[in-house]
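This report concerns only the one structure given below.
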Amino acid sequence: MNPVVECLSQWKWNWFEHQQPLVDFDTFDKASRGFLGSVLLLKLLKWRHIATLGALVSILGIATTPLTQFLIEYPSHLVPLTPSSGFPNATTRSAQHYQSRVGLAGSWSLDLSNYVSSGLIHPTDSRIEQLSPVCPSGTCAWAPFESLALCAKVANITDRLIVTQVPYSTEADWTAWDSTADQDALRLNGSLAYNISFPQNTNNNDYFVTPVSYLVYSAPTTDSIAFGGTENSALTKARVAGYKLVWSDAGNVTYLNGNTTRSDPWRWQAFEVIYYACVNTYSMRVENGTAITTIQSSTYDVLSEDNTSAAVQINCTAPSLVSGGAQFTECTQDSRDPHQGVLTLRGSLGENFTADIRSLTLLGKHITQDSSGIWAWDGSEHMVVAGNNGLPTMADAVYGYKNDEEDTAEISQEAQSERIQNVADNLAVSISNG
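Residue 519 is where the sequence shown starts when you use the working numbering, and the numbers rise one by one after that.
Shown next, in the form of structure tokens:
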């Protein structure tokens, strides 16, 4: 439009070769600046001067500019880079077969120790991200792909708890408190204790008795409580490890040397967590340097003639905490041949994935031992932990981080459920990323 503006500016001098009203000068000037001025100039000249053509071009140009922009498209799309030794390729990782590097650190492997520990000590109010791809250009996309992974399920099993009071209890009754740690009867909740167990038909026959109101008990599950039965036969076959998490609401204490609570009795809650081999379908892309990974689907379709028993079978002891000592959870492999073959799973796209059962057994032992134990607190200055590095994380999941000046814990059931799910998922993702 610049040439038209220059022409209008020149033509106004040609217009004044003859006597004209001075106001016409302003009209020409406005015409060189925009749409309204060009309309006024057309009205003034009435096709009697060549400047009319410039005003008309200016009007048409302004009117058609948006239409022209709409008609012109600038398509963009990703173009694969030509492979070059001087520029790295965009890559992502997927696992077709799992076998740990056994024997590098005693009975454990270094990869198990690292990934299990990293998953268990991660803060419970956040989640570990899925493994990011390598994308040198900062913008990449991949078609959906499958990979062998470890998955987790969580279920509320509070309705399966059997809770009974133990009146006038003594340290001889307790299996979840060390009386030598704190002998203050008030903080020890008087003489009232609670016996917590599960129905005998669940094959989870361990129990505990405690006099303290802040307690987290995490113990191995022999058979799944919430995910058992023939309807979950494939899940049973793919199961790698599992534990039950039981805790009190920490709401009440008894009178000194008394046997009744000041208010309502404690409320006890329980969740079950299981880990199992699975095949995940991932959707992955990188936009402006930011990786976006989502799990489109997850399956555990085990290919085996026997779908009724777990491929991974380990025997674990329950934790206990008694006066002057503690028993940590220890797991041993069952009596089968340690080289018992592979677990085969079929992905949703029809491809098969395999995992060495001996490696899965080691993984199950490691997860169970590090996730089991007893965390007990008298509500004051004495805390006793009988377990490995996962127990403080379990306690954080149950009672929450101290998040205000009052140092109060967030123990709503919704918040607890979310944090426990985070604990389970963080461990599964940490191992899958490895």
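By construction, the Cβ of each residue, glycine as well, lies at the ideal position given by its N, Cα and C atoms.
Cβ-based burial, residue i [other Cβ within 10 Å; buried from 16]
i: residue 942; result: buried
i: residue 888; result: buried
i: residue 623; result: A caution first: residue 623 carries a pLDDT of 39, below 50, which makes its placement in the model unreliable, though a value can still be read off. Exposed: under 16 other Cβ atoms inside 10 Å.
i: residue 884; result: buried
i: residue 652; result: exposed
i: residue 950; result: buried
i: residue 736; result: buried
i: residue 738; result: buried
i: residue 482; result: This structure gives no information on residue 482, because the portion of the chain shown stretches from 519 to 952.
For residue i, the residue or residues it bridges with in DSSP
i: residue 862; result: 872
i: residue 941; result: Looking at the DSSP assignment, residue 941 forms no beta bridge with any residue, so it has no partner.
i: residue 615; result: 872
i: residue 652; result: 609
i: residue 932; result: In the DSSP output, where bridge partners are listed per residue, residue 932 has none listed.
i: residue 950; result: DSSP, once it has assigned bridges, lists no residue as partnering residue 950.
i: residue 805; result: 808
i: residue 788; result: 764
Closest Cα partner of residue i within the set the options
i: residue 814; options: 800, 820, 807; result: 800
i: residue 916; options: 762, 607, 713; result: 762
i: residue 767; options: 754, 738, 613, 731; result: 731
i: residue 793; options: 830, 808, 821, 952; result: 830
i: residue 850; options: 882, 873, 861; result: 882
i: residue 798; options: 608, 612, 607; result: 612
i: residue 834; options: 843, 848, 639; result: 848
i: residue 658; options: 679, 609, 614; result: 609
i: residue 683; options: 710, 672, 694, 674; result: 710
i: residue 805; options: 650, 789, 877; result: 650
i: residue 681; options: 636, 715, 859; result: 715
i: residue 678; options: 615, 944, 725; result: 725
Coil, strand or helix - residue i by DSSP
i: residue 696; result: coil
i: residue 910; result: helix
i: residue 677; result: helix
i: residue 750; result: helix
i: residue 812; result: strand
i: residue 867; result: coil
i: residue 714; result: strand
i: residue 918; result: coil
Expected contact under 8 angstroms - CB spacing of residue i and residue j to nearest Å
i: residue 727; j: residue 691; result: 5 angstroms
i: residue 933; j: residue 918; result: 6 angstroms
i: residue 818; j: residue 753; result: 6 angstroms
i: residue 890; j: residue 868; result: With a Cβ gap of about 38 angstroms, residue 890 and residue 868 do not count as contacting.
i: residue 903; j: residue 696; result: Contact flag wrong, Cβ pair sits at about 10 angstroms.
i: residue 861; j: residue 872; result: 7 angstroms
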